[in-house]
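Colleague:
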Amino acid sequence: MDDHSPLKQTPLHALHVSLGARMVPFAGYDMPVQYPAGVMKEHLHTRSAAGLFDVSHMGQIILKPKSGRIEDAALALETLVPVDVLGLAEGRQRYGLFTNDQGGILDDLMIANRGDHLFLVVNASCKDEDFAHLQKHLGETCDLSLLDDRALIALQGPRAECVLAELWADIATMRFMDVAEADLHDVLCIISRSGYTGEDGFEISIPAASAEDVTRRILEHPDVMPIGLGARDSLRLEAGLCLYGNDIYTETTPVEAALEWAMQKARRTGGARAGGFPGADTILRQFADGADRRRIGLKPEGKAPVRGGAPLFADAEGKTPVGSVTSGGFGPSADHPVAMGYVDIAHIPNGTQLFAEVRGKYLPVTLAALPFVTPTYKR
Amino acid sequence: MLKFTDEHEWLKIEGDVATVGITAHAAEQLGDLVFVELPEAGTVLDKGATAATVESVKAASDVYCPLDGEIVESNQAIVEDPALVNSDPQGAGWFFKLKLSDPSAVNALLDEAAYKELIA
């Protein structure tokens, strides 16, 4: 990206500024990193009540089959993702990954079956490349559009359902990963029961022209607080969720990233539509035999946070490198530092102690199960 | 005597010892601190050397030694409870006491009015 190009603004930019947000550049957008409450309070509020996030910088893509048959769009998309898209029922959503020919991850995304089309949500930093990738490979079978006239917000936390139920009573009938359409304050929105915090919650796509109005009215609810990118990162890290560009990237495969759960049976060896996605040979071989390294959770034993990029060693002298930290920080709900990273498979037995190099010191870290907090999804 | 640096530290000078901390402005910019690492007493530091490290939920930042000197005491209370730096940055949230190699060097630092202008 050209660092000198002017920052883009989401449809909620003026709202962030009016709420006193501290704005920072993120993926080419001027985004709120925190509001006056601060990262710690925003994080804890999301886990105890409800947090509202602007994620309008993310890409919203519509994939419409030229034949009119949704199966054709699903099968076309399956050539780019190791995911069972054909088996995704109408009104359901599922996590997916774009892979490359080496089995690396180009991006992660959400895929929803909206009846006559597929609706994708991709990362902000990858959206133009993703769209070009889709155009190139799916342009003959599908009509594609990258929507620039819609905002996307997330309402996350244990009070999210009650808050939205005041606007749309049927929200309670939605299960985790359901997708529905409903009027919120007389604006037709696309709602999914999903998120990036480990909490129950919803992601809501709103026409840009009405986005500020709908968002302001949701924020009026006493249980709702606006949440910036700072707490978004600490929430997803505690939830063990990957950040594209940090924890998964073109040099990591789905098996190395411990994302086998995102590849349903139909696409695995022996499945009805096994393989047939970029890098299938490598990924399916690793699926059977394991990969040389794996993404795991790390709990620093002391109080010092261990950040992304810190090298990991088997010994306290830093002689035997075994991997590196990809994301790390303080977990406000866990109340201790939390991290994740890649470790050579030989050093992964449970309870293993490793050492992370931080400012010239070798700090003990223990392998830990992800997530660090128990998810509260309404399955 | 109270002095400031353009690295957003304050120094309360009593004789040849300066009590050093970060300004309210710096504490607000850093956000909620979760970890503080301080130099040990007896450490001799040059002006500009990394004296302490603070970490917020989001990121780590260095605190630089404002003048040449020797650490004579560090504030263990902020190691135990880093939030003190946010709640009382220019009081209970002090970082360390520095015995100055050259007490006259404080004259080159900013006074309160000059610092306020800097952050205005």
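Heads up: the protein sequence lines correspond to chains A and B, in order. For what it's worth, the numbering used here labels the leading residue of the first sequence as 5, then goes sequentially. For what it's worth, the numbering used here labels the leading residue of the second sequence as 146, then goes sequentially. The beta carbon of each residue, even a glycine, is placed where N, CA and C say it ideally should be.
Ignoring anything shorter than 3 residues, give me the beta strand (DSSP E) runs that lie fully in the stretch 207-267 of chain A, in order along the chain.
Modeller: Listed in chain order, the complete beta strand (DSSP E) runs (minimum 3 residues) inside the stretch 207-267 of chain A are 228-230.
Colleague: Verify the CB distance criterion: does Ala222(B) have a CB-CB separation below 8 angstroms to chain A?
Modeller: No - not a single Cβ of chain A is within 8 angstroms of the one on Ala222(B).
Colleague: With DSSP run on the structure shown, which of helix, strand or coil describes Phe135(A)?
Modeller: Looking at Phe135(A) - three-state DSSP - the assignment turns out to be helix.
Colleague: Please determine if the stretch 137-157 of chain A and the stretch 207-217 of chain A are in contact, where contact requires at least 3 C-beta pairs separated by less than 8 angstroms.
Modeller: Counting Cβ pairs under 8 angstroms, three or more are found: they touch.
Colleague: Give the DSSP-derived three-state secondary structure of Asp151(B) in the structure shown.
Modeller: Coil, per DSSP.
Colleague: Assess contact between the stretch 57-67 of chain A and the stretch 248-265 of chain A, defined as three or more Cβ pairs (one per stretch) separated by less than 8 angstroms. Is contact present?
Modeller: Taking 8 angstroms as the limit for Cβ pairs, the verdict is that the stretch 248-265 of chain A does not touch the stretch 57-67 of chain A.
Colleague: Whose C-alpha, out of Gly244(A), Ala41(A) and Gln13(A), is nearest the C-alpha of Ala25(A)?
Modeller: That would be Ala41(A), whose Cα lies nearest to the Cα of Ala25(A).
Colleague: Go ahead and pull the three-state DSSP assignment for Met5(A).
Modeller: In this prediction, Met5(A) scores a pLDDT of 46, lower than 50, which makes its location untrustworthy; the coordinate-derived value is nonetheless stated afterwards. Met5(A): coil per DSSP, three-state reduction.
Colleague: Who are the Cβ neighbours of Glu305(A) in its own chain at under 7 angstroms, not counting the five residues just before and after it?
Modeller: Contacts found: Pro368, Val369 and Thr370.
Colleague: Of the residues that make up the stretch 25-46 of chain A, which ones have a beta carbon closer than 9 angstroms to any beta carbon in chain B?
Modeller: Per Cβ criterion, the list reads Arg26, Val37, Gln38, Gly42, Val43, Met44 and Lys45.
Colleague: Check Ile157(A) in the structure and name its three-state DSSP category.
Modeller: Of the three classes helix, strand and coil, the one that applies to Ile157(A) here is strand, per DSSP.
Colleague: Could you check whether the stretch 137-145 of chain A touches the stretch 174-184 of chain A, counting it as contact only if at least three pairs of C-beta atoms, one from each stretch, sit closer than 8 angstroms?
Modeller: These segments do not touch.
Colleague: Taking the beta strand (DSSP E) that Tyr99(A) falls in, what are its first and last residues?
Modeller: Unbroken beta strand (DSSP E) run through Tyr99(A): Gln97 to Thr103.
Colleague: When DSSP labels each residue in this structure, what does Met181(A) get in the three-state scheme?
Modeller: Looking at Met181(A) - three-state DSSP - the assignment turns out to be coil, as it is neither helix nor strand.
Colleague: Exposed or buried, what is Asp112(A) when buried is set at 16 or more other beta-carbons lying within 10 Å of its beta-carbon?
Modeller: Looking at its Cβ environment, which holds 16 or more other Cβ atoms inside 10 Å, Asp112(A) is buried.
Colleague: For Met5(A), collect the residues of the same chain with a Cβ closer than 7 angstroms to its Cβ; drop the 5 residues on either side in sequence, then sort them by chain order.
Modeller: Any reading at Met5(A) is ruled out, since the residue's pLDDT is 46, under 50, leaving its predicted position unreliable.
Colleague: What would DSSP say about Met44(A), mapped onto helix, strand or coil?
Modeller: Met44(A) falls in the helix class under three-state DSSP.
Colleague: Chain B partners of Gly234(A), CB-CB under 8 angstroms?
Modeller: Simply Gly176, Val202 and Lys203.
Colleague: So that I know if they touch, is there some Cβ in chain B lying closer than 8 angstroms to that of Lys303(A)?
Modeller: Chain B, which has no Cβ nearer than 8 angstroms to the Cβ of Lys303(A), makes this no.
Colleague: Listed in chain order, which residues of the stretch 181-200 of chain B have Cβ atoms closer than 8 angstroms to some Cβ of chain A?
Modeller: Those residues of the stretch 181-200 of chain B that come within reach of chain A (Cβ to Cβ, closer than 8 angstroms) are Glu182, Thr198 and Glu200.
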